Every structure is written in C-alpha cells, then in structure tokens.
Amino acid sequence: MTTPSDVVSFWLNEVGEQGWYKSDPAMDDEIRSRFGAVVEAGAAGELTHWTTDPEGVLAYLIVTDQFPRNIYRGSSLSFSSDTLALKAAKCALSKEWDLRISGPERQFFYLPLMHSENLCDQDRCVRLMLTRMPGAESNILHARAHREVIRTFGRFPYRNEALDRVSRPAELDYMQSGGYGRTLETLRVAA
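Note that full-length UniProt numbering has the sequence shown beginning at 1, numbered continuously upward.
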C-alpha cells in the first residue's frame, strides 16, 4: 500500500528538482511502474483521505497533477485528474497549508492553478508565486507565461491534439511560430 510519504519521498528525494520537468521516458516508465495504481486510485476519487494534512495534500497533488503528466505524456489522460488537483489545491490554500511546506516543493500547491485553463486561476497562481515563492524566478516566469497563453487564447493550444480539439487559425500560427517557447522568451526579454 503506497502512502503519502512514499510519494513525497520519491518525488522530492529520488527525482528532485532537476528531474521534475524533464521529458524522460525512463522516468515516466518508473513512475508508471511504481505509482500507476495510485494515480488510477487518485483519478477515481479514492485518495481524498490524503487531503487532511499538508504532507498528504502535497502527495495528493503530485499524484493527481504531476504523475499523470509523466505516465500519460501526450495523451488526454495527462489532464484527466486536473480538476481534482485544482479542488484540493484551492482547499489547501484556503487553510494556508502551502506555507507549512518549505522550499521548492511548495510550488506543487500552485501548479494546479497554473495548469488550469481559467484566467482567474492563472492570476492567482502568479500572485502566489510572487508572494509565497520570492526569488523563484523560473517558477514566476513560467506562471506568467502560462497566464499569457490563457489570456491570449483562453486555453492551451498545445493540448488541442491530445484533447481532440480543433485548433483555431491563431493557435496554429502560434504553435508554428514557436508556441510556448516564444512566449517564455518574449517575457524573459521584457523583464
């Protein structure tokens, strides 16, 4: 039986910051092998009992927001438990449980907001990154870039194919001219 501590220890100590955002098929396979059943349980609503304390919520957010992006990379399933993660994150934020988690792992309370296709959630994510993770310039830059994409398109165009959505002409132009990387660079230069 996997525990919240198992998830947190793996993600923080074994994977660590340098591996959190890498596209690594071997890592995806390891997460799938070790935690695939837990991801499925989380998506089925069977892990809400994990959300009763800060470390449990952190584990829940990793399982519902981060791990699906690894084990279902490129598939619509990557986003299948986003609404669960967003709900848990908002509840934890209302209790300020994010402030009881130190260091870079605090960002996992804000990433469900960053992954939301809702501008209010994006604005809140940027505010939280600025006020509760000062000095985390890369995180702040990515929060602003995600918000800019939602502000411009109302959704993330680079999810369209996985979600079987028809891309609008402006989204196609955006993707063909550098997409998210271009947004990042534009914000980096403007800063």
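No residue lacks a Cβ here, since even glycine has one placed at the ideal position from N, Cα and C.
Since the model is a prediction, treat every value here as computed from it, not as a measurement.
Residue environment analysis places residue 42 among the buried positions, since at least 16 neighbouring C-beta atoms fall within 10 angstroms of its C-beta.
Each residue's CA atom was taken as its position, placing residue 100 and residue 168 some 42 Å apart.
With fewer than 16 other CB atoms across the displayed protein chains lying within 10 angstroms of its CB, residue 76 is exposed.
Here residue 101 carries a coil assignment [DSSP, helix/strand/coil].
Taking the Cα positions, residue 5 is about 12 Å away from residue 63. Secondary structure of residue 112 (DSSP, three-state): helix.
Here residue 85 is near residue 61, since their CB atoms are less than 8 Å apart.
Closest in C-alpha terms to residue 117, from the list 127, 149 and 93, comes 149.
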